[in-house]
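Student: Read left to right, the sequence shown gives residues -31 to -1, 1 to 495 (mature numbering (1 follows the signal peptide of the UniProt record, and there is no 0)).
The C-beta atom is built at its ideal place from N, Cα and C for all residues, glycine as well.
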Amino acid sequence: MEYLKTGVLLILFGLEPLLILTSLCTSVTSASQPCAAKHFGDSVVCVCNSTYCDTVPPVPKLSPGMFAVYTSSQAGDRFQLTTGKVRDSRSSASCDLVYELRMNNTRQSIIGFGGAFTDAAGINIASLPLAVQDKLLESYFTSEGLEYNFGRIPMASCDFSTHAYSYDDVDGDLELSHFALAMEDNKFKIPYIQQALKLTNNKLRLFASPWSAPAWMKTNKNMKGNGTLIGHPGGQYYKTWANYFVRFLQEYSKHNISLWGVTTENEPTAGFVPNYGFQCMGFTAEMQRDFVKMDLGPAMHKNGFQNVKIMIMDDQRNSLPHWPSVVLKDPEAAKYVSGIAVHWYGDRTPLSVLDTTHDLFPDYFLQYTEACNGAGASPHVALGDWGRGERYATDIIDNLNHWVTGWTDWNIALDLEGGPNWVKNFVDSPIIVNASSAEFYKQPMFYILGHFSKFLVPGSKYMDLIPLGFKLTLYHVAFVRPDGSIAVILCNIAESPAKLSLHDPAVGYIDLTVPAKSIQTVLWTS
Ligand SMILES: *[C@@H]1O[C@H](CO)[C@@H](O)[C@H](O)[C@H]1NC(C)=O
Ligand SMILES: *[C@@H]1O[C@H](CO)[C@@H](O)[C@H](O)[C@H]1NC(C)=O
Ligand SMILES: *[C@@H]1O[C@H](CO)[C@@H](O)[C@H](O)[C@H]1NC(C)=O
Ligand SMILES: *[C@@H]1O[C@H](CO)[C@@H](O)[C@H](O)[C@H]1NC(C)=O
Ligand SMILES: *[C@@H]1O[C@H](CO)[C@@H](O)[C@H](O)[C@H]1NC(C)=O
């Protein structure tokens, strides 16, 4: 179904009001399945079941001089597609706000966007009939959905499991002869990861993160609380722990799942917090440096995993730039490391620490590896909450403007309570499953993530987008994609619409209205 929207533009030219019909200027397309909206909170969720699920309209073929805009808004737009014509000069009709694109200062390249295959996510997917499971995974991984290309896998259990377990709970088994994947891997992770790999034609970059070593390997003999591996880096427990990573990579590759990367440890600073409530393990930056240098790096190289990227830190922004400084100033550790993994929960720390870190270590990427809303909040799951989507959008844009190469959401699916989670650390998710009605709800966060993941494909390069002569009003970011096309993302957090023009010196002016409380992705060929 395609129809044209006739625009009427009133221009005040001197004292003479001029009426101009712009009938062929903007067309609205909806060739895809629209959102089956259900109102909750201040916006809507889109309901998917065994027979129906909304899809994203495909990017139209853009001839030079045309642009496309996808809009999602608190008012209920979900990937609403419009196209328009670029103006070749700035006319009197153009508004005052002009953002100018600068092609001469490209920066970081995108690595990817995605979410995590936790036990909880798998348990929720498995609670749906097969036809609904397919729709859920297609929503994330196909070109009719968000085209996720990045995924995180917890190594063994985390809080989003139904209990604490490791892959070798046999006391004293330093040879790891009892190492085995868990029922949860076989039932709730591997099948869905394999399906996602298929849906993306193997374009899914996967990385794994451990929460805790088996309790018997730790000073406190417990997978939670204040504890580290026994002994020191280079010692037998650290060597065994490095081999545990290798065994994990080997077991997953037996299921045709090759990992793109690992992080050294999920939130290593949590492992020094007395009575920390779920799986964790303490490393200081110095311990991590020595573990990578003496144990993990050599073990991965020796066993044929030298191309699996090692990301350090995997903790909040407030560990920057101290943590990478300690690890990466040692060339013997740094040679094994590819990037720095950051979580969003400390994002009140100024963004400038990302710039400082990049300036110190320009050869190491900065990738966000975990984020979620609703932790410690009430309610944990806020259906239809636009504000939670907006928090994602503004955080991602801020980070991309400070050298970050991509962003990873937490659980890809949770239940109505925000679990399961064995310590009741319930949180929100872009997809909430209602098992009793065999349906799932796509939250505003889901669509917000798609405004980035679908369009900022791997290899897209950051470009400057400069507001000319006015105060910043919108969150904005621009990228040139590998095919040479431009993608600009704009997020309006105000209660009123914003009119502006994007100026690409190579093609002209793109006039836009960004609705109140909305996000837009604008695409054109430069
Ligand atoms: C699935 O959703 C569609 C669209 O909302 C609705 O028409 C249909 O009745 C639903 N089917 C089931 C089995 O609930
Ligand atoms: C890019 O071009 C702009 C405008 O022409 C100029 O002001 C700026 O200094 C240039 N930046 C770089 C990094 O060359
Ligand atoms: C954590 O455990 C270590 C080793 O048992 C101990 O030295 C340290 O004081 C503990 N830290 C806190 C904050 O309790
Ligand atoms: C792995 O892939 C190969 C080749 O496509 C196939 O023959 C084999 O069955 C797959 N193994 C698993 C465990 O999926
Ligand atoms: C989940 O499904 C049940 C059973 O159909 C229904 O009663 C309930 O209202 C649904 N929950 C939400 C949040 O829609």
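Just the Cα atoms here: how many angstroms apart are Ser41 and Ser135?
Tutor: Computed Cα separation, rounded: 41 Å.
Student: Among all residues, which have a Cβ less than 6 Å from at least one non-hydrogen atom of ligand 2, and in what chain order do they fall?
Tutor: This selection yields Arg71, Asn73, Asn74.
Student: Note down, in chain order, each residue of its chain lying with its Cβ closer than 8 Å to the Cβ of Pro33, except the 5 sequence neighbours on either side.
Tutor: Closer than 8 Å at the Cβ level, and outside the excluded window around Pro33, lie Val476, Thr494.
Student: In whole angstroms, what separates the C-alpha of Glu408 from that of Met72?
Tutor: Approximately 45 Å, taken between the alpha carbons.
Student: Check for me: the alpha helix (DSSP H) holding Val322 runs from which residue to which?
Tutor: It spans 321 to 329 - the alpha helix (DSSP H) in which Val322 sits, taken as one unbroken run.
Student: By DSSP's criteria, Pro123 is part of a beta bridge. Which residues make up the other side?
Tutor: Answer by DSSP bridge pairing, in chain order: Ser178.
Student: Beta carbon of Lys7: closer than 8 Å to some heavy atom of ligand 4?
Tutor: Not under cutoff, so the answer is no.
Student: In three-state DSSP terms, what is Lys193?
Tutor: Coil, per DSSP.
Student: For ligand 5, is there any heavy atom lying closer than 8 Å to the beta carbon of residue 562?
Tutor: Summary: the structure shown does not reach residue 562, with the chain confined to residues -31 through 495, and so no result is reported for it.
Student: With distances taken between CB atoms, is the gap from Pro427 to Arg174 smaller than 9 Å?
Tutor: In this structure, Arg174 lies closer than 9 Å to Pro427 by Cβ.
Student: Asn461 by DSSP, collapsed to three states: which one?
Tutor: Reduced to three states, the DSSP call for Asn461 is strand.
Student: Just checking Leu352 against ligand 5 - is the residue's beta carbon closer than 8 Å to any of the ligand's heavy atoms?
Tutor: Leu352 Cβ: within cutoff of ligand 5.
Student: Identify the continuous alpha helix (DSSP H) that holds Thr209 and give its terminal residues.
Tutor: Element bounds for Thr209: 205 to 223.
Student: With distances taken Cα to Cα, identify the nearest neighbour of Thr253 among Gly196, Ala149, His270, Lys190.
Tutor: Closest option to Thr253, Cα to Cα, is Gly196.
Student: Could you have a look at Leu385 and say whether DSSP puts it in helix, strand or coil?
Tutor: In this structure, Leu385 counts as coil in the three-state DSSP scheme.
Student: Under 8 Å Cβ to Cβ from Ala100, same chain only, skipping five residues before and after it: list those, please.
Tutor: Hits under 8 Å: Ser19, Thr20.
Student: Going by CA-CA distance only, name the one from Val295, Phe214, Trp355 that's closest to Thr326.
Tutor: The candidate whose alpha carbon is nearest that of Thr326 is Val295.
Student: Bridge partners of Asp433, per DSSP?
Tutor: According to DSSP, Asp433 bridges with Arg71.
Student: Assign Leu492 to one of three DSSP states: helix, strand, or coil.
Tutor: In this structure, Leu492 counts as strand in the three-state DSSP scheme.
Student: Comparing alpha-carbon positions, which option in Cys17, Val350, Ile458, Val396 lies nearest Phe424?
Tutor: Nearest option by C-alpha distance: Ile458.
Student: Is the beta carbon of Ala89 sitting closer than 9 Å to the one on Asp384?
Tutor: Yes, they are a contact pair.
Student: For Thr482, which residues in the same chain have their Cβ closer than 6 Å to its Cβ, ignoring the five residues on either side in sequence?
Tutor: These residues qualify, in order along the chain: Pro466, Lys468.
Student: Which of helix, strand or coil does DSSP assign to Asn403?
Tutor: Reduced to three states, the DSSP call for Asn403 is strand.
Student: Taking the Cβ atom as the reference point for each residue, do Tyr221 and Pro179 lie within a distance shorter than 9 Å?
Tutor: Not in contact: Tyr221 and Pro179 (Cβ atoms no closer than 9 Å).
Student: Verify whether the separation of the beta carbon atoms of Ala310 and Gly266 is less than 9 Å.
Tutor: Cβ atoms of Ala310 and Gly266: not closer than 9 Å.
Student: If we ignore side chains and look at the alpha-carbon of each, how far apart do Asp348 and His270 end up?
Tutor: With the sequence shown as reference, residue 348 is identified as Pro, and Asp is not the correct amino acid for it. For Pro348 and His270, the distance between alpha carbons rounds to 46 Å.
Student: Shorter than 8 Å, the distance from the beta carbon of Glu386 to the closest heavy atom of ligand 5, or not?
Tutor: Checking every heavy atom of ligand 5 against the Cβ of Glu386, none is found closer than 8 Å.
Student: Rounded to the nearest angstrom, how far is the Cβ of Ser307 from that of Met280, given a contact under 8 Å?
Tutor: At roughly 7 Å, the Cβ-Cβ gap stays under 8 Å, so Ser307 and Met280 are in contact.
Student: Give the DSSP bridge partners of Val16, in chain order.
Tutor: Answer by DSSP bridge pairing, in chain order: Tyr410.
Student: Relative to ligand 5, is the shortest distance from any of its heavy atoms to the C-beta of Ser406 smaller than 8 Å?
Tutor: Yes.
Student: Pick from Gly84, Asp473, Asn368: whose alpha carbon is nearest that of Val67?
Tutor: It is Asp473.
Student: In this structure, how does DSSP classify Ala447 when only helix, strand and coil are distinguished?
Tutor: In the structure shown, Ala447 sits in a strand (DSSP, three-state: E or B).
Student: By the DSSP assignment, the alpha helix (DSSP H) with Tyr109 in it spans what residues?
Tutor: Where Tyr109 is concerned, the enclosing alpha helix (DSSP H) stretches over 99 to 110.
Student: Between the C-alpha atoms of Leu(-11) and Arg56, what's the straight-line distance to the nearest angstrom?
Tutor: Any reading at Leu(-11) needs caution, since the residue's pLDDT is 33, under 50, leaving its predicted position unreliable; the model's value is listed next. For Leu(-11) and Arg56, the distance between alpha carbons rounds to 15 Å.
Student: What residue range does the alpha helix (DSSP H) around Val306 cover?
Tutor: Element bounds for Val306: not the alpha helix (DSSP H) but the beta strand (DSSP E), 306 to 312.
Student: Express the C-alpha separation of Tyr117 and Asp284 in angstroms, rounding to a whole number.
Tutor: Roughly 22 Å between the two C-alpha positions.
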